[in-house]
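If you're matching positions, the sequence shown starts at 1 in our numbering and goes up one per residue. Don't be surprised by glycine CBs; every beta carbon is placed ideally from N, CA and C. The structure appears right after this line, and notes come after that.
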Amino acid sequence: MTRDDIQPPVNLKIASMTDLARMLVSWSQRDRPASMLYFEHDGKHIYGTLISNHGYFQYYGLPLWVHAEGDGPP
């Protein structure tokens with residue numbers, strides 16, 4: 001695999017913070033604890049996590065950026 005073969009993460013925006021929390025809980029039960037990132041972008045409060053879908057056959061894992069917009073800072 002060369003540097004040109006590496007793809008950016010797939011962006012997955014989900015509907016609510018509740019859905020993001022559910023996804024984090026389900027992924028954390030697999031093999032590692034979950035982590036959540038927070039930042040502001042264009043006046044929006046973004047919460048998200050970067051996870052890897054290890055079942056993706058072509059690249060030893062597919063990176064996913066899963067995020068939701070919140071009402072305010074943590």
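Q.
In this structure, how does DSSP classify A21 when only helix, strand and coil are distinguished?
A. helix
Q) According to the neighbour-count rule (16 or more other Cβ atoms, all chains shown, within 10 Å of its Cβ), is I51 buried or exposed? A) buried
Q) The beta strand (DSSP E) spanning P33 covers which residue range? A) Per DSSP, P33 belongs to no beta strand (DSSP E) and is neither H nor E.
Q.
Given this structure, state the Cα-to-Cα distance separating S28 from I46, to the nearest angstrom.
A. 20 Å
Q) In terms of residues, what are the limits of the beta strand (DSSP E) holding P114? A) The question about residue 114 has no answer here: the residues shown for the chain are numbered 1 through 74.
Q.
To the nearest angstrom, how far is the alpha carbon of P74 from that of S35?
A. 14 Å
Q | Run of the beta strand (DSSP E) containing T49, from where it starts to where it stops | A | K44 to N53
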